[in-house]
Amino acid sequence: MTRSADARLGAYAALAAAGLVAALALRRSELAAVAAPFALLVALGLQAPVPRLRAWLDVDRERALEGDYVDAVVTVRTTAAVDRLEVGLALPEGVELAEGSNPVAIRLAEDEERELPLRLRCSRWSSVELGDVWLRARDRIGLVRFEGRLDRRRPLRIYPTPERLRRLVSPAHTQAATGSEVAPIRAEGLEFADTRPFVAGDRVRSINWRATARRGSLVVNERHPERNADVVVFLDSFAEARASGEGTLEEAVRTAATLASRFLERRDRVGLVAFGGILRWLEPGGGLVQQYRLVDALLETGVEFSYAWKDVNVIPARTLPPRAMVVAVTPLLDERAIAALVDLRGRGHDLVVLEISPEPYLEPSRDPTDRAALRLWRLQRAELRASFERLGVAVATLEDDTTVEEALEGVRAYRRHARLVRR
9 MTRSADARLG AYAALAAAGL VAALALRRSE LAAVAAPFAL LVALGLQAPV
59 PRLRAWLDVD RERALEGDYV DAVVTVRTTA AVDRLEVGLA LPEGVELAEG
109 SNPVAIRLAE DEERELPLRL RCSRWSSVEL GDVWLRARDR IGLVRFEGRL
159 DRRRPLRIYP TPERLRRLVS PAHTQAATGS EVAPIRAEGL EFADTRPFVA
209 GDRVRSINWR ATARRGSLVV NERHPERNAD VVVFLDSFAE ARASGEGTLE
259 EAVRTAATLA SRFLERRDRV GLVAFGGILR WLEPGGGLVQ QYRLVDALLE
309 TGVEFSYAWK DVNVIPARTL PPRAMVVAVT PLLDERAIAA LVDLRGRGHD
359 LVVLEISPEP YLEPSRDPTD RAALRLWRLQ RAELRASFER LGVAVATLED
409 DTTVEEALEG VRAYRRHARL VRR
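For the sequence shown, the working numbering gives the first residue as 9, with consecutive numbering after it.
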């Protein structure tokens, strides 16, 4: 701990020095007697021993969801008595104090250990470190203070709260592994597809006996198998619109985390491409471990400024397997991300675009020129969405009053009725 003098100690030292100088200059011993108490206080303050303090931090868990509460305990121990000790736990952005006192002033006796419980609320998704403990102690007469910082940091990952989805977007192509998606092909499965005449090699259990009795010849059932799909979540992190601490990136991460969790629950293989100033990727996989990997990678995503032009060639090939469905979550603000999505569609990937609208983060203006520019900007974005739709790509816009479920319903409606463009 570092020692620092209080303002009163400096004043006392100045008074003691002035009294002694005056006593010597005027040869008046009574002035030295007046300055003596101040000099004694200064001597006691300078000779105050540095307190030997130790502190620990215990957190009940390392992972939490937005809105969850985390219980933490700061433990302080001293070998010598401390009349006044101030203990403070630095709270990173995204963590708020819900219950308890922080900072708090306490008194510790010799060899005493004190536990200071705190209840913290996770207000925003983030990947933070909790455990920066600040200590401040004073001597008995309050003229000298001792300050120190103890690094007891522990990781705390706050995951976005996933939105409940009843249905997801069905991919155009499925893989060979078993899953929960009904494949368009006809093979062994549970979902009824059609009936056809019996041929040599058909299984007896597939015979439709009612249809056979009506037609007078053997008829068998054809079914759709249950397969899984390869899904790649494409997160655009080139640019964002932001206002009052919130921005399109926060909404994009929440949407991407929701989609990744729900596709994994459907037993699909899910990967991630965070396409921006810094490229992050995760090859498709399944299971609970993959879910943690995906969300941890999303928490590390940020907008990194870069002038470099990037295209899909910088993405590792194994991250975008053939016949994979790419779900892009983007504000459609950067030309590099838009060009990459057009390139992916041109390469034959099944593409879905979820647009995080930047319009709610725009500040209104009364200037006629600004209003005209805003209308022109809206027309340009409408033309951009139409250009994607002409390529056979469904574009759904997420605004303040639009949920992910509603956006996906618009995508499903488009994919049911639109004719995909073939090149």
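Glycine residues also receive a C-beta, built at the ideal position from the N, C-alpha and C atoms.
This structure is a prediction, so every number in the text was calculated from the model and none was measured.
Judged by DSSP secondary structure, GLU259 falls outside any beta strand (DSSP E) and instead within the alpha helix (DSSP H) spanning 256 to 273. Spanning the alpha carbons of ASP409 and ARG132 requires a straight line of approximately 20 Å. Excluding five sequence positions before and after LEU267, the CB atoms of its chain that fall closer than 7 Å to its own CB belong to VAL241 and VAL335, given in chain order.
In chain order, GLU74, TRP133, VAL261, ARG262 and ALA265 place their CB closer than 7 Å to the CB of PRO168, counting only its own chain and leaving out the 5 sequence neighbours on each side. Counting other Cβ atoms within 10 Å of its Cβ, ALA145 reaches 16 or more and is therefore classed as buried.
Counted as a single uninterrupted DSSP element, the alpha helix (DSSP H) harbouring GLU417 occupies residues 412 to 425.
Sixteen is the threshold: since fewer than 16 other Cβ atoms of the shown chains lie within 10 Å of the Cβ of ALA421, the residue is exposed.
DSSP places ARG85 outside any alpha helix (DSSP H); the residue lies instead in the beta strand (DSSP E), whose first and last residues are 77 to 86.
ALA348 and VAL320 do touch by the CB rule: their CB atoms are close to 5 Å apart, below 8 Å. Of the candidates ARG274, TYR77, ARG389 and GLN388, TYR77 places its Cα closest to the Cα of ASP68.
Contact between LEU307 and ARG165 holds, since their C-beta atoms are separated by about 6 Å, short of 8 Å. By alpha-carbon distance to ILE114, the top candidate from THR83, VAL337 and ASP358 is THR83. ALA219 is positioned such that its CB atom lies closer than 8 Å to that of THR203. Between the beta-carbon of VAL207 and that of ASN216 there is about 14 Å, and that puts the pair past the 8 Å contact cut.
With a cut-off of 8 Å on Cβ pairs, the stretch 364 to 373 is in contact with the stretch 394 to 408, counting three or more such pairs. For ARG62, the enclosing beta strand (DSSP E) stretches over residues 61 to 67. In the structure shown, PRO179 falls within a coil segment according to DSSP collapsed to helix, strand and coil. Apart from the 5 residues on each side of it in sequence, LEU290 sits with its Cβ closer than 7 Å to the Cβ of GLY279, LEU280, ARG301, LEU302 and ALA305 in its chain, given in chain order. 8 Å or more divides the Cβ of PHE283 from the Cβ of ASP238.
For TRP217, the uninterrupted alpha helix (DSSP H) segment begins and ends at 217 to 223.
Within the same chain, Cβ atoms closer than 7 Å to the Cβ of GLU248 are found at GLY255, THR256, LEU257, VAL311 and PRO339, the five residues on either side in sequence being excluded. A Cβ-Cβ contact shorter than 8 Å links LEU143 with ALA63. Collapsing the DSSP output to three states places ALA208 in coil. Excluding sequence positions up to five before and after PHE396, its CB lies within less than 7 Å of the CB of VAL361 and VAL403, all in the same chain and listed in chain order. Going by DSSP, GLY139 is part of the beta strand (DSSP E) stretching over 134 to 146.
DSSP places ASN229 in the strand class (E or B) of the three-state scheme.
Counting other Cβ atoms within 10 Å of its Cβ, ARG277 reaches 16 or more and is therefore classed as buried. Taking a C-beta distance under 8 Å as the contact criterion, ALA80 and LEU128 qualify as a contact pair.
Residue pairing for TRP289: DSSP places it in a beta bridge opposite VAL281. Taking a C-beta distance under 8 Å as the contact criterion, LEU272 and GLN298 qualify as a contact pair. Approximately 17 Å separates the beta-carbon atoms of THR86 and PRO111; this is outside 8 Å, ruling out the contact.
Apart from the 5 residues on each side of it in sequence, ARG353 sits with its Cβ closer than 7 Å to the Cβ of LEU359, LEU399 and VAL401 in its chain, given in chain order.
For SER245, there is no enclosing alpha helix (DSSP H); the residue is found in the beta strand (DSSP E) stretching over 238 to 245. By the Cβ-count criterion, PRO170 is buried, with 16 or more other Cβ atoms from all chains shown falling within 10 Å of its own Cβ. A straight-line Cα-Cα distance of about 14 Å links ALA106 and ALA98. Just measuring C-alpha positions, the residue of VAL136, PRO179, ASP119 and ARG174 sitting nearest GLU70 is VAL136.
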